[in-house]
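Comments concern the structure below.
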Amino acid sequence: MKTADLCDEYADRLSLCKTPFYSYGKKKEFQGEIRTVEVYEDNSMVKESLETIETGTILVVDGGGSLNCALLGDQLAAIAAERKINGIIINGCVRDSADLAHIEVGIKAIGTCPFKSKKRGEGTKGGTLSFGNVEWTPGQFVYADDDGIIISEKPLESKSG
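Take -15 as the starting number for the sequence shown in the working numbering and just add one per residue.
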């Protein structure tokens, strides 16, 4: 579903993420129910989340906007694709960007960094996150494409097709 069409039909029920994100995965348009993890320069909980969240969901990662290291690379993206996770939205960086473009998952991040993250097992799963001028609450729904990222409390259907 195109975000522009959803905004035309449901503007009063949507929140718009105002952080500029870049698209890195093969899927450029994706949507699903939100699952969350909050970390800082440590992707251990990102991996754990990708290994356990439900098929068809979207993992939203608040990495504090750090540009010092990547929270996702080709190996974790491959786990997401294999498990049929619809997408990953990262308030942080990715690496292996050329490889990510061939992996069948939606990936949005604020940038790239070739450095890997620490592996300390630190972070919090399942809480409400706040970045991009919106709140990301598990159980709500996110819709993403090249026009933007929008959030709805309930699933939406586009009448435009």
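A virtual CB, placed ideally from N, CA and C, is assigned to each residue, including glycine.
Being a predicted model, the structure only gives us computed values, none of them experimental.
Comparing C-alpha distances from V23 to each of G110, S7, V89 and C(-9) shows the shortest one belongs to G110. Sequence-distant partners of L0 (beyond 5 residues in either direction) whose C-beta falls short of 6 Å from its own C-beta, in its chain, are I134. Per DSSP, reduced to three states, the secondary structure at T(-13) is helical. DSSP places L56 in no alpha helix (DSSP H) but in the uninterrupted beta strand (DSSP E) bounded by A54 to L56. With a 10 Å radius around the Cβ and a threshold of 16 neighbouring Cβ atoms, G116 comes out buried. Contact annotation: A64 and D80 have beta-carbon atoms that are not nearer than 9 Å. Across the structure, E141 and G16 are spaced so that their CA atoms are roughly 12 Å apart. Cβ contact annotation for L34 (same chain, cutoff 8 Å, sequence separation greater than five): L43, L60, I63, A64, R67, I69 and I72, in chain order.
A direct Cα-Cα distance of roughly 22 Å separates E106 from G95. With a threshold of 16 other beta carbon atoms within 10 Å, E88 falls short and is exposed. Shown here for L84: same chain residues with a beta carbon closer than 7 Å to its own, the five before and five after excluded, namely Y8, G9, D58, A61, V78 and I91 in chain order.
If you draw a straight line from the Cα of T112 to the Cα of H86, it is about 31 Å long.
Selection P139, V118 and N52 evaluated against Q124 yields P139 as nearest (Cα-Cα). Following the DSSP letters along the chain, one finds L113 inside the beta strand (DSSP E) bounded by residues L113 to F115. Straight-line spacing of the CA atoms in N52 and Y6 works out to 17 Å.
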